[in-house]
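Enquirer:
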Amino acid sequence: MIKTDLIEIFQTIRATLQPYATLGFNNRVNSEQEYDLWADKNVRIKGEERTEVFFVNLKIENTVVSLNILPDYLSEHESPLLIRELDDVALNQIEGRIAAGYKIFKENEWV
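For any residue, its number in the numbering used here is found by taking its place in the sequence shown, counting from 1, and adding 949.
Structure, rendered in structure tokens:
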């Protein structure tokens, strides 16, 4: 079944993200319109000291749900996913990208 309601799409993807909050990530924003996850850890990335590392942001924006996975400095060619409809295939692809991002965080000991 294809979901086209933005709130329903947002809530479905947020439910996929929420288990990561128990794996070392914290929210900066957790509302009905936006959800994000950050790792609070002192790390050095590309020579720059950081006290936090962005992981993912999900947001309802006008006519789409926007999903940003991984920091810009890691995924230079990644642009946000702009989601207007969601089915099981698309959700599985999104879950795969999130899991791949989590693997990068684990490998780099950012979480």
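Beta carbons: idealized from backbone N, C-alpha and C, even for Gly.
Using the Cα positions of Ala1039 and Leu986, report the straight-line distance between them to the nearest angstrom.
Expert: 21 Å
Enquirer: Taking Cβ positions, are Phe959 and Leu1031 nearer each other than 8 Å?
Expert: no
Enquirer: Using the DSSP secondary-structure output, state which residues sit across from Trp1059 in a beta bridge.
Expert: Its beta-bridge partners do not exist; DSSP assigns none.
Enquirer: Cβ of Ile1053 versus every heavy atom of the ligand MG: is any distance shorter than 7 Å?
Expert: With respect to the ligand MG, the structure shown offers nothing to examine, as it has no ligands at all.
Enquirer: Please confirm whether Leu955 has its beta-carbon closer than 8 Å to some beta-carbon of chain B.
Expert: Reference to chain B is not applicable here, since this structure consists of a single protein chain.
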